[in-house]
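Quick note: the sequence shown uses the numbering used here, first residue 1, plus one each step.
First the structure, in the form of structure tokens, and then the observations on it.
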Amino acid sequence: MNAAFWSGKNVFVTGHTGFKGSWLCLWLQQLGANVTGYALQPPTNPSLFEVAQIGQGMHSIIGDIRDGAVLVQAMQAAAPDIVIHMAAQPLVRYSYIEPVETYSTNVMGTVHVLEAVRKTPSVRAVVNVTSDKCYENKEWVWGYRENEAMGGYDPYSSSKGCAELVASAYRNSFFNPEKYSERHVALASVRAGNVIGGGDWADDRLIPDILRAISAGQPVTIRNPHAIRPWQHVLEPLSGYLQLAQRLYEAGVDYAEGWNFGPNDEDAKPVQWIVEQLTDAWGEGASWQLEQAAQPHEAHYLKLDCSKAKMRLDWQPRWSLATTLEMIVAWQHAYLAQADMRQYTLNQISHYSLRDS
Numbered sequence: 001m002n003a004a005f006w007s008g009k010n011v012f013v014t015g016h017t018g019f020k021g022s023w024l025c026l027w028l029q030q031l032g033a034n035v036t037g038y039a040l041q042p043p044t045n046p047s048l049f050e051v052a053q054i055g056q057g058m059h060s061i062i063g064d065i066r067d068g069a070v071l072v073q074a075m076q077a078a079a080p081d082i083v084i085h086m087a088a089q090p091l092v093r094y095s096y097i098e099p100v101e102t103y104s105t106n107v108m109g110t111v112h113v114l115e116a117v118r119k120t121p122s123v124r125a126v127v128n129v130t131s132d133k134c135y136e137n138k139e140w141v142w143g144y145r146e147n148e149a150m151g152g153y154d155p156y157s158s159s160k161g162c163a164e165l166v167a168s169a170y171r172n173s174f175f176n177p178e179k180y181s182e183r184h185v186a187l188a189s190v191r192a193g194n195v196i197g198g199g200d201w202a203d204d205r206l207i208p209d210i211l212r213a214i215s216a217g218q219p220v221t222i223r224n225p226h227a228i229r230p231w232q233h234v235l236e237p238l239s240g241y242l243q244l245a246q247r248l249y250e251a252g253v254d255y256a257e258g259w260n261f262g263p264n265d266e267d268a269k270p271v272q273w274i275v276e277q278l279t280d281a282w283g284e285g286a287s288w289q290l291e292q293a294a295q296p297h298e299a300h301y302l303k304l305d306c307s308k309a310k311m312r313l314d315w316q317p318r319w320s321l322a323t324t325l326e327m328i329v330a331w332q333h334a335y336l337a338q339a340d341m342r343q344y345t346l347n348q349i350s351h352y353s354l355r356d357s
């Protein structure tokens with residue numbers, strides 16, 4: 001990662017208290033950026049934000065992206081060069097329980113962020129983070145490309161498709177590439193696969209559920225053992241977001257479009273494979289069992305085609321899924337051993353970034 005570019009840049013990150021946002025903000029701090037975060041309180045207890053002391057190296061604002069007026073004030077005060085919008089309601093099953101909250105956060109929250117960008121003259125680049133689930137899932141065996149139709153069976157997936165449409169409309173209407181010289185804002189959307197890594201304590205998410213059960217000496221209960229997902233370490237898409245943000249800042253409209261950041265094809269694995277690898281890596285007699293209760297609909301097969309990011313950004317996944325799972329187990333062991341988790345997490349970022357040096 002280009003530390004010379006990021007050093008001294010003002011970066012505004014929504015969702016900085018979440019799992020993915022915490023990893024991103026720590027990486028930006030390591031790169032020397034001036035980071036302002038805007039989000040609700042950490043969504044879990046414990047949380048990576050607290051455990052790794054993410055707030056110690058940045059300006060952290062506790063706020064709701066659904067409160068447009070407060071968001072505008074915060075963004076204008078921060079005067080960012082770059083905005084990375086990650087705040088979201090991120091869970092499929094929770095979206096069945098709270099669909100209104102899901103849509104208001106993921107759709108209108110995105111509207112409020114882009115409105116704040118319109119009212120903040122300093123902004124030059126915007127990375128709008130959605131999800132691989134934004135695509136209309138046809139359950140086919142090849143990866144979705146950036147020009148595929150948006151869709152979504154469940155409220156979460158649908159809300160992410162809607163957020164993509166919002167970003168496209170704002171790009172056309174207010175940040176039009178053909179009129180870049182008038183506003184100098186380049187807006188891109190990014191879609192990643194299932195991100196995993198140390199420090200995720202979210203409910204109803206596979207890796208945290210596995211680690212909770214293993215740590216408690218209980219069998220891991222899984223609901224869709226044959227569902228195939230594009231698993232990747234959280235640092236993989238984040239590296240893509242950072243590379244893209246730099247290109248947006250430096251080259252503007254040439255990169256103001258949708259981008260996929262997913263693992264290589266061989267790392268799209270069934271849930272059962274993940275559980276077996278993690279329980280084997282942990283040892284201590286860890287085991288798993290199948291949940292028998294009826295489950296709401298979730299996509300069975302989903303994969304991304306990342307050819308564009310590989311060709312045009314020279315972005316490549318660095319860690320195999322096996323390495324990713326090793327890093328997760330090592331992080332969890334360090335946490336249980338009461339290590340300095342800010343430093344440990346920074347060390348994993350440094351290890352990931354070795355190729356840049």
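For every residue, glycine included, the Cβ atom is placed at its ideal position computed from N, Cα and C.
By the three-class DSSP mapping on this structure, what secondary structure does MET150 have? What you label residue 150 is simply residue 150 of the sequence shown in a count that begins at 1. It is a strand residue.
Tell me, please, which residues DSSP counts as bridged to ALA268. The residue given as residue 268 occupies position 268 in the sequence shown. In the DSSP assignment, the residues bridged to ALA268 are PRO230.
Who are the near neighbours of ASP81 in its chain, counting only those whose CB is closer than 6 angstroms to its CB and skipping five residues on each side? As a position in the sequence shown, residue 81 is number 81, starting the count at 1. Within the same chain, ASP81 has close Cβ partners LYS9, ASN10, ARG124.
Compute the beta-carbon to beta-carbon distance between TYR96 and PRO155, rounded to the nearest angstrom, for a pair I have assumed lies under 8 angstroms. Here residue 96 corresponds to residue number 96 of the sequence shown, with the count starting at 1. Here residue 155 corresponds to residue number 155 of the sequence shown, with the count starting at 1. Sure, about 7 angstroms apart at Cβ, within 8 angstroms.
When the Cα atoms are used, what is the spatial distance from HIS226 to ASN194? Here residue 226 corresponds to residue number 226 of the sequence shown, with the count starting at 1. Here residue 194 corresponds to residue number 194 of the sequence shown, with the count starting at 1. Annotation: HIS226 to ASN194 spans about 15 angstroms, alpha carbon to alpha carbon.
Closest Cα partner of GLN243 within the set VAL51, SER353, MET108, GLU101: Mapped onto the sequence shown, residue 243 falls at position 243. Taking the Cα of GLN243 as reference, the smallest distance to any Cα among VAL51, SER353, MET108, GLU101 is reached at SER353.
Who does TYR301 pair with in a DSSP beta bridge? Taking the sequence shown and counting its residues from 1, the one referred to as residue 301 is at position 301. The partner list for TYR301 (beta bridge, DSSP) reads ILE228.
If we call anything under 7 angstroms between Cβ atoms a contact, is SER47 one with ASN106? Taking the sequence shown and counting its residues from 1, one reaches residue 47 at position 47. Taking the sequence shown and counting its residues from 1, one reaches residue 106 at position 106. At a Cβ-Cβ threshold of 7 angstroms, SER47 and ASN106 do not count as neighbours.
Could you give the residue range of the beta strand (DSSP E) that holds TYR255? In the sequence shown, residue 255 corresponds to position 255, counting from 1. Bounds of any beta strand (DSSP E) do not take in TYR255, whose DSSP letter is neither H nor E.
Length of the line joining the Cα atoms of LYS119 and SER168: For the purposes of this step, residue 119 is taken as the residue at position 119 of the sequence shown. For the purposes of this step, residue 168 is taken as the residue at position 168 of the sequence shown. Taking the Cα positions, LYS119 is about 18 angstroms away from SER168.
Rounded distance between the beta-carbons of LYS269 and LEU302, thought under 8 angstroms: Within the sequence shown, numbered from 1, the residue matching residue 302 stands at position 302. Within the sequence shown, numbered from 1, the residue matching residue 269 stands at position 269. The pair is not a contact, with the Cβ atoms about 12 angstroms apart (cut-off 8 angstroms).
With three or more beta-carbon pairs closer than 8 angstroms as the criterion, would you say the segment 254–261 touches the segment 307–326? Yes, the segment 254–261 touches the segment 307–326.
So is ASP200 buried or exposed if we call it buried at 16+ other beta carbons inside 10 Å? Residue mapping note: residue 200 aligns to position 200 of the sequence shown, counting from 1. Residue burial is scored here from C-beta neighbours: ASP200 has at least 16 other C-beta atoms within 10 angstroms and is therefore classed as buried.
For a test of the three-state rule: what should DSSP assign to GLY37, helix, strand or coil? Stepping through the sequence shown from its first residue, residue 37 is reached at position 37. It is a strand residue.
Quick one: Cα of ALA79 to Cα of ALA163, how far? Here residue 79 corresponds to residue number 79 of the sequence shown, with the count starting at 1. Here residue 163 corresponds to residue number 163 of the sequence shown, with the count starting at 1. Their backbone Cα atoms lie some 24 angstroms apart in a straight line.
Rounded separation between LEU313 and LEU248 - CA only: Within the sequence shown, residue 313 is the residue found at index 313, counting from 1. Within the sequence shown, residue 248 is the residue found at index 248, counting from 1. One alpha carbon belongs to LEU313, the other to LEU248, and they sit about 11 angstroms apart.
Three-way DSSP call (helix, strand, coil) for ILE65 in this model: Numbered from 1 along the sequence shown, position 65 holds the residue referred to as residue 65. Secondary structure of ILE65 (DSSP, three-state): coil.
Nearest CA to the CA of THR221: which residue from ALA87, SER189, PHE174, VAL271? Residue mapping note: residue 221 aligns to position 221 of the sequence shown, counting from 1. In terms of CA proximity to THR221, VAL271 leads the group ALA87, SER189, PHE174, VAL271.
Is THR110 near VAL72, with beta carbons less than 7 angstroms apart? Here residue 110 corresponds to residue number 110 of the sequence shown, with the count starting at 1. Here residue 72 corresponds to residue number 72 of the sequence shown, with the count starting at 1. For the pair THR110 and VAL72, the CB atoms are not nearer than the 7 angstroms cut-off.
What's the C-alpha gap between ASN147 and LEU336? Numbered from its first residue, the sequence shown carries residue 147 at position 147. Numbered from its first residue, the sequence shown carries residue 336 at position 336. When the Cα atoms are used, ASN147 and LEU336 turn out to be separated by approximately 44 angstroms.
Going along the chain, which unbroken runs of the beta strand (DSSP E) with 3 or more residues stay wholly within the segment 51–115? Entirely contained in the segment 51–115, the beta strand (DSSP E) runs reaching 3 residues are, in chain order, 59–62, 82–85.
If you measure between the beta carbons of PHE175 and VAL190, is that distance less than 7 angstroms? Within the sequence shown, residue 175 is the residue found at index 175, counting from 1. Within the sequence shown, residue 190 is the residue found at index 190, counting from 1. Contact check for PHE175 against VAL190 fails: the beta carbons are separated by 7 angstroms or more.
Hey, out of GLU50, LEU235, ASP67, whose CA is closest to PRO317's CA? The residue labelled residue 317 in the question sits at position 317 within the sequence shown. Measuring from the Cα of PRO317, the nearest candidate turns out to be LEU235.
Local Cβ density within 10 Å of SER357, reported as buried at 16 or more and exposed below that: As a position in the sequence shown, residue 357 is number 357, starting the count at 1. In this predicted model, SER357 has a pLDDT of only 42, less than 50, meaning its place in the structure is not dependable; the value taken from the coordinates is given anyway. SER357 is exposed by the Cβ-count criterion.
Would you kindly work out how many angstroms separate the C-alpha atoms of ALA4 and ALA33, rounded to a whole number? In the sequence shown, residue 4 corresponds to position 4, counting from 1. In the sequence shown, residue 33 corresponds to position 33, counting from 1. If you draw a straight line from the Cα of ALA4 to the Cα of ALA33, it is about 10 angstroms long.
Out of GLY143, LEU346, GLY18, point me to the one whose CA is closest to ASP267's CA. Along the sequence shown, one-based indexing puts residue 267 at 267. Of the candidates GLY143, LEU346, GLY18, the one whose C-alpha sits nearest the C-alpha of ASP267 is GLY143.
ASP132: buried (16+ other C-beta within 10 angstroms of its C-beta) or exposed? On the sequence shown, position 132 is the one that residue 132 refers to. By the 16-neighbour rule on beta-carbons within 10 angstroms, ASP132 is buried.
Looking at C-beta atoms only, is the number of pairs between the segment 18–33 and the segment 49–60 that lie closer than 8 angstroms three or more? At 8 angstroms Cβ cutoff, the stretches touch.
Continuous beta strand (DSSP E) assignments of at least 3 residues falling wholly in the segment 191–223: Secondary structure remark: continuous beta strand (DSSP E) runs of at least 3 residues inside the segment 191–223, in chain order: 194–196, 220–222.
Which residue marks the beginning of the alpha helix (DSSP H) containing SER347, and which one marks its end? Residue mapping note: residue 347 aligns to position 347 of the sequence shown, counting from 1. Looking at the sequence shown, residue 347 is not Ser but Asn. It spans 341–352 - the alpha helix (DSSP H) in which ASN347 sits, taken as one unbroken run.
Spatial neighbours of ALA74 in its chain, beta-carbon cut-off 7 angstroms, leaving aside the 5 residues before and after: The sequence position of residue 74 within the sequence shown is 74, counting from 1. Excluding residues within five positions, the ones whose Cβ falls inside 7 angstroms are TYR38, ILE61, GLY63.
Going by beta-carbon coordinates alone, are THR17 and HIS85 separated by less than 7 angstroms? For the purposes of this step, residue 17 is identified with residue 17 of the sequence shown, where counting begins at 1. For the purposes of this step, residue 85 is identified with residue 85 of the sequence shown, where counting begins at 1. Between THR17 and HIS85, the gap from beta carbon to beta carbon reaches 7 angstroms or more.
State yes or no: is the C-beta of MET341 within less than 7 angstroms of the C-beta of VAL35? Indexing the sequence shown from 1 puts residue 341 at position 341. Indexing the sequence shown from 1 puts residue 35 at position 35. Their beta carbons are not under 7 angstroms apart, which means MET341 does not touch VAL35 by this criterion.
Beta-carbon spacing of LEU325, GLN277 below 7 angstroms: Taking the first residue of the sequence shown as position 1, residue 325 is located at position 325. Taking the first residue of the sequence shown as position 1, residue 277 is located at position 277. Between LEU325 and GLN277, the C-beta gap is smaller than 7 angstroms, which places the two residues in contact.
For GLN332 and GLN30, what's the separation of their Cα atoms in angstroms? Taking the sequence shown and counting its residues from 1, the one referred to as residue 332 is at position 332. Taking the sequence shown and counting its residues from 1, the one referred to as residue 30 is at position 30. So the alpha carbons of these two residues sit roughly 22 angstroms apart.
Neighbourhood of ARG171 by C-beta, 6 angstroms cutoff - its chain only, sequence neighbours within 5 removed: Position 171 of the sequence shown, counted from the start, is the residue given in the question as residue 171. Taken in chain order, the residues that qualify are LEU187.
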